[in-house]
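Numbering (this note's numbering), first residue to last: 693 to 857. Backbone N, C-alpha and C define an ideal beta-carbon position, used for all residues, glycine too. Structure, as structure tokens:
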Amino acid sequence: MDEKNIRHLLKIDRDLIWHPYTQMKDFEVMDPLFVERGEGVFLFDVYGRTYYDTISSWWCITHGHNHPYIVDAIKQQLGRLDQVHFAGTTHEPAIRAAQLLIEALPKGLDKVFFSDNGSTAVEVALKMAVQYWHLTGKPEKNTFLSLERGYHGDTLGTMGLGGVP
Numbered sequence: 693m694d695e696k697n698i699r700h701l702l703k704i705d706r707d708l709i710w711h712p713y714t715q716m717k718d719f720e721v722m723d724p725l726f727v728e729r730g731e732g733v734f735l736f737d738v739y740g741r742t743y744y745d746t747i748s749s750w751w752c753i754t755h756g757h758n759h760p761y762i763v764d765a766i767k768q769q770l771g772r773l774d775q776v777h778f779a780g781t782t783h784e785p786a787i788r789a790a791q792l793l794i795e796a797l798p799k800g801l802d803k804v805f806f807s808d809n810g811s812t813a814v815e816v817a818l819k820m821a822v823q824y825w826h827l828t829g830k831p832e833k834n835t836f837l838s839l840e841r842g843y844h845g846d847t848l849g850t851m852g853l854g855g856v857p
């Protein structure tokens, strides 16, 4: 990618995108890391520089970027079904994944809830806990224990849970 195109795209980025957990005013004096591709534990920017992805792109890429097995599995699945809402529907990959998870879990943990991100998973767990105590006749049990200033997600509820200002 040539420098003119890079500058043009970075201007569009500054004008249109609000990046999470980022002080946007910093982009007035420096550019964001402009990543072009990933391979294994590495990220490569548009200038050809190499970086270690030390947080696995927020813990989503634990097997490395562009892992051939994962890329192949995604391609195969996309050829059959790319996405469907899970409210009142199901599909074989979800059923098989649930079986594998339950087999790996300790006895007594016999249900799974699939979420598309960690913040929503924590929010749903909070709602399940509140609902459980409500249904068992103890709605006053609505206090949560968390790590102070711990990262529990980036939604309003999960940020409040950890006391993140």
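8 Å Cβ shell around residue i - same chain, five flanking residues per side excluded
{"i": "V763", "result": "none"}
Beta-carbon proximity list for residue i, same chain, < 7 Å, skipping 5 on both sides
{"i": "H826", "result": "none"}
{"i": "V822", "result": "N834"}
Test: residue i CB closer than 8 Å to a CB of chain B
{"i": "G771", "result": "In the structure shown, chain B does not exist; there is a single protein chain."}
Residue i to residue j span [Cα, whole Å]
{"i": "G740", "j": "D808", "result": "32 Å"}
{"i": "D707", "j": "V727", "result": "18 Å"}
{"i": "H700", "j": "Y761", "result": "35 Å"}
{"i": "M693", "j": "K803", "result": "48 Å"}
{"i": "K819", "j": "G829", "result": "16 Å"}
{"i": "F736", "j": "R729", "result": "5 Å"}
{"i": "P785", "j": "Q791", "result": "10 Å"}
{"i": "R806", "j": "A813", "result": "Arg is not the amino acid found at residue 806; the sequence shown has Phe there. Roughly 8 Å between the two C-alpha positions."}
{"i": "Y843", "j": "E731", "result": "27 Å"}
Inter-residue CB distance, residue i and residue j (contact presumed, cutoff 8 Å)
{"i": "E815", "j": "T850", "result": "6 Å"}
{"i": "T754", "j": "S811", "result": "Contact doesn't hold; Cβ gap of about 18 Å is too wide."}
Simplified DSSP state of residue i, which is helix, strand or coil
{"i": "D723", "result": "coil"}
{"i": "G852", "result": "helix"}
{"i": "H757", "result": "strand"}
{"i": "G771", "result": "coil"}
{"i": "T812", "result": "helix"}
{"i": "Y739", "result": "coil"}
{"i": "Y843", "result": "coil"}
Sequence-distant residues of the same chain with beta carbon closer than 6 Å to residue i, five excluded per side
{"i": "L702", "result": "D723"}
| field | Meets three-Cβ-pair contact criterion under 8 Å: the region 833-843 and the region 785-799 | value | The region 833-843, when compared against the region 785-799, does not touch it at the 8 Å Cβ threshold.
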